[in-house]
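For the sequence shown, this note's numbering gives the first residue as 1080, with consecutive numbering after it. The C-beta atom is built at its ideal place from N, Cα and C for all residues, glycine as well. Just below is one structure, and these are the notes that go with it.
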Amino acid sequence: ESITDSSLFLVSSVGKFVSNVLFKQRTDNYICRPVYYLHAYCVTVRFFFYICIKSFLRIMKNPVAYLLVFYLFLSSCSGVEKEEPYVIAFSQCMMDDVWRQAMMLEMNIEASNYDNIRIVIADAKESNETQIKQIQQFIDQKVDVLIISPNQSDSITPIAVEAYRKGIPTIIVDRKIGSEEYTAYVGGDSYEIGRIAGEYASAFLPENATIAEVWGTKLSSPAQERHLGFINGLKKKNVNIKTVVGNWRREIAKKEVSQLEDFNDIDLVYAHNDVMALGAREAISERDSALVSKIIFLGVDAAFGKGAGLEAVANGLLNASFLYPTGGDQVIRVAMKILNKEQTDKKYILNTAVVEKNTARTLLLQSDQLINYQNRIEQQKRNIDMLFQKFSMLRHSLFLILSLLA
Ligand code: FRU
1080 ESITDSSLFL
1090 VSSVGKFVSN
1100 VLFKQRTDNY
1110 ICRPVYYLHA
1120 YCVTVRFFFY
1130 ICIKSFLRIM
1140 KNPVAYLLVF
1150 YLFLSSCSGV
1160 EKEEPYVIAF
1170 SQCMMDDVWR
1180 QAMMLEMNIE
1190 ASNYDNIRIV
1200 IADAKESNET
1210 QIKQIQQFID
1220 QKVDVLIISP
1230 NQSDSITPIA
1240 VEAYRKGIPT
1250 IIVDRKIGSE
1260 EYTAYVGGDS
1270 YEIGRIAGEY
1280 ASAFLPENAT
1290 IAEVWGTKLS
1300 SPAQERHLGF
1310 INGLKKKNVN
1320 IKTVVGNWRR
1330 EIAKKEVSQL
1340 EDFNDIDLVY
1350 AHNDVMALGA
1360 REAISERDSA
1370 LVSKIIFLGV
1380 DAAFGKGAGL
1390 EAVANGLLNA
1400 SFLYPTGGDQ
1410 VIRVAMKILN
1420 KEQTDKKYIL
1430 NTAVVEKNTA
1440 RTLLLQSDQL
1450 INYQNRIEQQ
1460 KRNIDMLFQK
1470 FSMLRHSLFL
1480 ILSLLA
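In structure tokens, the structure reads:
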């Protein structure tokens, strides 16, 4: 207390000295108003300091007060730890098919390695207009990284380029845009996939064979490239190709194939993805169930998941599929590189492979394990979140108790 008193004395003595000396020397009845105010001010400051320090010393005699100070220290520490996460926005052309669900799973597994990112997804539901609006919103929000899987190349190109020109790092995934103005591209080589499929088909086809080619959306780059590659990969010259457009959808492919006049001459069905190959198979089998065993069915994707290509090949519904990796994990790694200001490549082209029955079975087992791991990771994350909530509840109750005790 003597230390406190002497510091109080020091604080106010200068002011007091000035006021007393000047006050007494110049006047006895406060004629010099500024000096009077200065005197009053010093006395007030002294009184204030005195009260503060006295009450502080009184509080600190209580051990609970130490806990309170410790609590405040803890709260301020935990406040510093939590930084705003980076926002990675993903404009998806569609979400409800098995290949894109596999893509999201792979993205989430990779994203769970980092705790400083938040992924925001917008589903354009196969509409160019919706996708353009959603990308515009992401531009306005100035997201940290923008990932785009375009619905149709030409329609989405201008808005993707606008995002890039406005300084938003832009990654194009799967389907392409008609410009080189983007930060990076991640995706499989659809031309190469088509070419390998064409070569593969040639090995089974007689001369003058008939092929039913089931197209994805005509204005999307993978459909165009899978077609061109296939034509170039075919070694047999005199093939007859029946074209059907399935827009990447099983149901549409089924409907379009069922409207073909005659199935009897079809030797092989080549669909730009597995679900359309399955739709075509269903249409043929509904009209003539014996016919499906005579026709070779080829698809693209070899995705895992219920009703997807791997399962279909493993069960013998499709003869083969050509792997088209989703790139979900790679795209997050590229986004992280960008956020960490590391150098990125312009193009990340993912490998393909022929997937027949045995390979499909092995890959299916592996993908089951992957899904298991992911489920466990998510469960552990939920546990940690719950623990964190309990911790903050405890912290608040502790604060309440301590304030009451103090
Ligand atoms: C899924 C999908 C895949 C295909 C890819 C092409 O939406 O149709 O089956 O490989 O998109 O962009």
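| Query | Result |
| --- | --- |
| Residue of F1126, G1267, F1383, A1242 minimising C-alpha distance to S1258 | A1242 |
| Classification of S1368 by the beta-carbon crowding that lies within 10 angstroms, buried from 16 upward | exposed |
| Near ligand 1: M1186 beta-carbon under 8 Å from a heavy atom | no |
| Sequence-distant residues of the same chain with beta carbon closer than 8 Å to S1281, five excluded per side | G1312, L1313, K1314, K1315 |
| Host beta strand (DSSP E) of N1437 (start-end) | No beta strand (DSSP E) holds N1437; the alpha helix (DSSP H) holding it covers 1436–1484. |
| Buried versus exposed call for T1441 [16 or more other C-beta atoms within 10 Å across all chains shown] | exposed |
| Outcome for C1131 when other beta-carbon atoms lying within 10 angstroms are tallied against a minimum of 16 | exposed |
| Separation of T1438 from Q1445, as counted between CA atoms | 11 Å |
| Straight-line gap, V1324 to P1237 (C-alpha atoms, nearest Å) | 26 Å |
| Residues near L1298 by beta carbon distance below 8 Å, same chain, minus five either side | Q1231, S1232, D1233, S1234 |
| First through last residue of the beta strand (DSSP E) which encompasses N1311 | Taken as a continuous stretch (DSSP letters only), N1311 belongs to no beta strand (DSSP E), being part of the alpha helix (DSSP H) at 1300–1312. |
| F1352 CB to nearest heavy atom of ligand 1 below 8 Å | According to the sequence provided, residue 1352 is Asn. The question's Phe does not apply to it. Result yes, Cβ under 8 Å from ligand 1. |
| Residue burial classification, S1170 (beta-carbon count within 10 angstroms, cutoff 16) | buried |
| For F1383, the three-state DSSP class (helix, strand or coil) | coil |
| Rounded Cβ spacing between V1265 and Q1422 (contact assumed at less than 8 Å) | With 8 Å as the limit, V1265 and Q1422 do not qualify as a contact, their Cβ atoms being about 16 Å apart. |
| E1292, enclosing beta strand (DSSP E) - first and last residue | 1289–1294 |
| Any 3 or more C-beta pairs closer than 8 Å across the region 1447–1466 and the region 1395–1412 | no |
| Any non-hydrogen atom of ligand 1 within 8 Å of V1166 CB | no |
| Closest residue to K1425 among V1166, K1416, V1433, T1431 (Cα-Cα distance) | K1416 |
| Spatially closest choice to I1320 from I1345, R1328, W1327, by CA coordinates | I1345 |
| Distance, V1199 Cα to I1188 Cα | 15 Å |
| 8 Å contact criterion, which F1376 and N1398 should meet: CB distance rounded | 5 Å |
| Backbone CA spacing between S1482 and L1473 [nearest angstrom] | 14 Å |
| S1170 Cβ short of 8 Å to ligand 1 heavy atom set | no |
| Any non-hydrogen atom of ligand 1 within 8 Å of P1301 CB | yes |
| Bounding residues of the alpha helix (DSSP H) (the contiguous stretch that carries A1356) | 1353–1366 |
| Bridge partner(s) assigned by DSSP for K1255 | K1255 is not bridged to any residue. |
| DSSP state of I1345 mapped onto helix, strand, coil | coil |
| Residue closest to Y1165, alpha-carbon to alpha-carbon, out of R1197, I1211, R1360 | R1197 |
| Inter-residue spacing [alpha-carbon to alpha-carbon] between L1225 and V1240 | 11 Å |
| Cβ-based neighbour list, L1479, same chain, cut-off 7 Å, excluding 5 preceding and 5 following | none |
| Sequence ranges, beta strand (DSSP E) only - wholly within the region 1175–1254, length at least 3 | 1196–1202, 1224–1228, 1249–1252 |
| Pick from G1267, N1394, D1268, I1227 that is closest to P1248, judged by C-alpha positions | I1227 |
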